[in-house]
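Q: Going from the sequence shown to this note's numbering is simple: count from 1 and add 3. Using N, Cα and C, we set each Cβ at its ideal position, and we do this for glycine too.
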Amino acid sequence: MNAHPLLSARGIRKTFGQFVALNNIDFDLPAGEKHALIGPNGAGKSTFIACIAGQLPGVEGTVLFKGDDITKATPVDLARQGIGRTFQISRAFLDMSVLENMTSAFVIANGAWASLRRSVLAEATDRGQTMLETVGLQHRAGTRVADLSLGDRKRLEFGMALANDPDLLLLDEPTAGMSIKERHHLMDLVASRIDETGKTLLFVEHDIDVVLKIATRVTVMVRGAILADGTPTEIAANEEVQAVYLGGHH
Ligand code: ADP
Ligand code: MG
């Protein structure tokens, strides 16, 4: 066990006007966890992920990653330091093929735009092809992204997030809108990839079955605060948590 956790957040507070979205969150994430963040709508899960990902101004408190203070770091800094997240593929890329999108993720990950030589592109294409196999999209390499099913598009976004080999991957509801079957497929893929590479995952997921299957640890947020954290078994047995989920708070 390392001396300090991979990620350590202290006193995280974020307000939107008068509204307190996150109220003094303390959170430690040891390396190797597949850590689920759950809680009712509006609990502050996405806000917390966005704070870690450097996407929100005016965050109070401190976030340490590998012992370095990343509280004020930009998303570009964070990508360089090993924090990855998925992005929705932007409109401009929808007419490009699956392989072209994956390849561009590797080009960007290498910071190679400035010197885009044939060799750089060839290598990125190779790595893109391998990543398509990893995420089960090799048969879609030539398909326009616009023509992909939602499930396949999410697989592609996941693969693109892996292009710069992040030590910590942040996923905010990666399975939103997917069928139960697709949801399990995607999250099984994510979990096995994290296990194989020894990386760390922090994810928000509303399907509690997926959470209990995939997560090694679970944090429950309610109204901007942490209600409970523990193993999936502990969380499933926690009466306060059950009350939140069954008591009609959302
Ligand atoms: P969750 O992801 O748990 O559903 P969010 O983190 O998205 O919750 O939102 C937490 C609360 O903060 C919600 O009440 C939401 O309306 C509010 N909120 C989030 N982002 C903003 C914003 N940019 N401006 C104002 N309020 C926001
Ligand atoms: Mg959210």
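What is the rounded straight-line gap between the Cα of M134 and the Cα of Q21?
A: The count along the sequence shown starts at 1 and reaches residue 134 at position 131. The count along the sequence shown starts at 1 and reaches residue 21 at position 18. The straight-line gap from Cα to Cα measures roughly 45 Å.
Q: Under three-state DSSP, which class holds L102?
A: Locating residue 102 in the sequence shown gives position 99, where the first residue counts as 1. Helix, per DSSP.
Q: Which class does T219 belong to by DSSP, given the choice of helix, strand or coil?
A: Residue 219 sits at position 216 when you count from the first residue of the sequence shown. Three-state DSSP puts T219 in coil, outside helix and strand.
Q: Can you tell me whether N44 is buried or exposed? The criterion is at least 16 other CB atoms within 10 Å of its CB, across all chains shown.
A: What you label residue 44 is simply residue 41 of the sequence shown in a count that begins at 1. With fewer than 16 other Cβ atoms within 10 Å, it is exposed.
Q: Please report how far the alpha carbon of V138 lies from the alpha carbon of F90, in whole angstroms.
A: Walking along the sequence shown from the start, residue 138 turns up at place 135. Walking along the sequence shown from the start, residue 90 turns up at place 87. Cα to Cα, the separation comes out at about 16 Å.
Q: For the ligand ADP, enumerate in chain order all residues having a CB closer than 5 Å to any of its heavy atoms.
A: After applying the 5 Å Cβ criterion, the set is F19, A24, N44, G45, A46, G47, K48, S49, T50.
Q: Compare the C-alpha of Q141 against each of L153, A125, L159 and name the closest.
A: If you number the sequence shown from 1, residue 141 lands on position 138. Q141 has its Cα closest to that of L159, out of L153, A125, L159.
Q: Specify the secondary structure class of F90 as computed by DSSP and reduced to three states.
A: Within the sequence shown, the letter at position 87 stands for residue 90. Here F90 sits in coil by DSSP.
Q: To the nearest angstrom, report how far apart N104 and D150 are at their CA atoms.
A: The residue labelled residue 104 in the question sits at position 101 within the sequence shown. The residue labelled residue 150 in the question sits at position 147 within the sequence shown. Cα-Cα distance, rounded: 13 Å.
Q: Out of A34, L97, T128, which one is the CA nearest neighbour of V110?
A: For this step, residue 110 is matched to residue 107 along the sequence shown. Nearest option by C-alpha distance: T128.
Q: Assuming L32 and L172 are in contact, meaning their beta carbons sit under 8 Å apart, how far apart are those beta carbons, in whole angstroms?
A: Looking up residue 32 in the sequence shown gives position 29. Looking up residue 172 in the sequence shown gives position 169. Not a contact, Cβ separation roughly 11 Å.
Q: Whole angstroms is fine: what's the gap from K216's alpha carbon to M181's?
A: Translated into positions along the sequence shown, residue 216 becomes position 213. Translated into positions along the sequence shown, residue 181 becomes position 178. Rounded to the nearest angstrom, the two C-alpha atoms are 17 Å apart.
Q: Return helix, strand or coil for M190, following the three-state DSSP convention.
A: Within the sequence shown, the letter at position 187 stands for residue 190. Looking at M190 - three-state DSSP - the assignment turns out to be helix.
Q: Drop a sphere of 10 angstroms on the beta-carbon of P8, count the other beta-carbons inside from all chains shown, and report buried for 16 or more, exposed for fewer.
A: Sequence index remark: in the sequence shown, residue 8 carries index 5 (1-based). Counting Cβ neighbours within 10 Å, P8 comes out buried, since at least 16 surround it.
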